[in-house]
Amino acid sequence: MKKLFFCWLMLLSLTACQEDEEALLESPDYLVFGHYYGFCGGENCVEIFKIENGTLFEDTKDQYPGGKPYEGNYEPKSAALYEKVKDLPHQVPARLLSEDRSIIGSPDAADGGGIYLEIGRNGMKRYFFIDKTRHNVPDYLYPFLDKVEAAIAELK
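Going left to right, the sequence shown walks through residues -18 to -1, 1 to 138 as mature numbering (1 follows the signal peptide of the UniProt record, and there is no 0) numbers them.
Written out as structure tokens, the structure reads:
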């Protein structure tokens, strides 16, 4: 009976373990984030922001990003807006930098839009075009992409 109880206890302890949380990127130098829609009209079609050195910037060019790093014209925003999104650079999954491609999924292929991310760290720059359709994106990105979308909504 003791062996059966011990086996049951071991099985219970193994199945009760929670999955480790996703490791987060430490101290990026800057983060550019935003979303874009191709077949769209108006100011909200391209919204791109940058967080760097304790300041939030908004891109004023509002150009549809191509397949290379986005060259924005960034204007500083208020400290109050920065406070709303200041933690976002520290929420980037570290695993994102291990991706071997800069296009994840098929961003904006079905007019569903895309998310642009650019991470600067230790003199290196990585940029990503990410599909907004969830089944085209790795599961580990879901929580961060939700935070990006929430940050953009906060800044509008």
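Cβ coordinates follow ideal geometry from the N, Cα and C atoms, glycine included.
Notebook entry, point to check: Do L105 and Y12 have their C-beta atoms closer together than 8 Å?
Noted result: Taking the first residue of the sequence shown as position 1, residue 105 is located at position 123. Taking the first residue of the sequence shown as position 1, residue 12 is located at position 30. According to the sequence as given, residue 105 is Gly; it is not Leu. No, they are not a contact pair.
Next item on the list: Tell me, please, whether the stretch 111 to 131 touches the stretch 74 to 89 by the rule of three or more beta-carbon pairs shorter than 8 Å.
Entry: In this structure the stretch 111 to 131 touches the stretch 74 to 89; the number of beta carbon pairs closer than 8 Å is three or more.
Next item on the list: Note the first and the last residue of the continuous beta strand (DSSP E) segment covering E57.
Entry: For the purposes of this step, residue 57 is taken as residue 75 along the sequence shown, with counting starting at 1. Unbroken beta strand (DSSP E) run through E57: 56 to 58.
Next item on the list: Can you tell me the Cβ-Cβ gap for K32 and V14, rounded? I've got them flagged as a contact below 8 Å.
Entry: In the sequence shown, residue 32 corresponds to position 50, counting from 1. In the sequence shown, residue 14 corresponds to position 32, counting from 1. The C-beta separation of K32 from V14 comes to about 5 Å, placing the pair in contact by the 8 Å criterion.
Next item on the list: Could you name the residues that DSSP lists as bridge partners for G16?
Entry: Along the sequence shown, read from residue 1 onward, the residue named residue 16 stands at position 34. DSSP links G16 through a beta bridge to I30, Y98.
Note to self: Our contact map puts Y18 next to G96 with C-beta atoms below 8 Å; I'd like the distance itself, whole angstroms only.
What the structure shows: Residue numbering aside, residue 18 sits at position 36 when the sequence shown is read from its first letter. Residue numbering aside, residue 96 sits at position 114 when the sequence shown is read from its first letter. Right, their Cβ atoms sit about 5 Å apart.
Check: For K138, which of helix, strand or coil comes out of DSSP?
Finding: Residue mapping note: residue 138 aligns to position 156 of the sequence shown, counting from 1. DSSP places K138 in coil when its eight states are reduced to three.
Check: In three-state terms, what does DSSP make of residue 141?
Finding: Outside the displayed span of the chain (-18 to 138) sits residue 141, for which this structure offers no information.
Note to self: Check this for me: beta carbons of Y56 and E40, under 8 Å apart or not?
What the structure shows: Walking along the sequence shown from the start, residue 56 turns up at place 74. Walking along the sequence shown from the start, residue 40 turns up at place 58. Contact: yes.
Notebook entry, point to check: Which residues does DSSP pair with F39 in a beta bridge?
Noted result: Residue 39 sits at position 57 when you count from the first residue of the sequence shown. Answer is K32, P58, bridged to F39.
Check: Which residues does DSSP pair with K107 in a beta bridge?
Finding: On the sequence shown, position 125 is the one that residue 107 refers to. Answer by DSSP bridge pairing, in chain order: G102.
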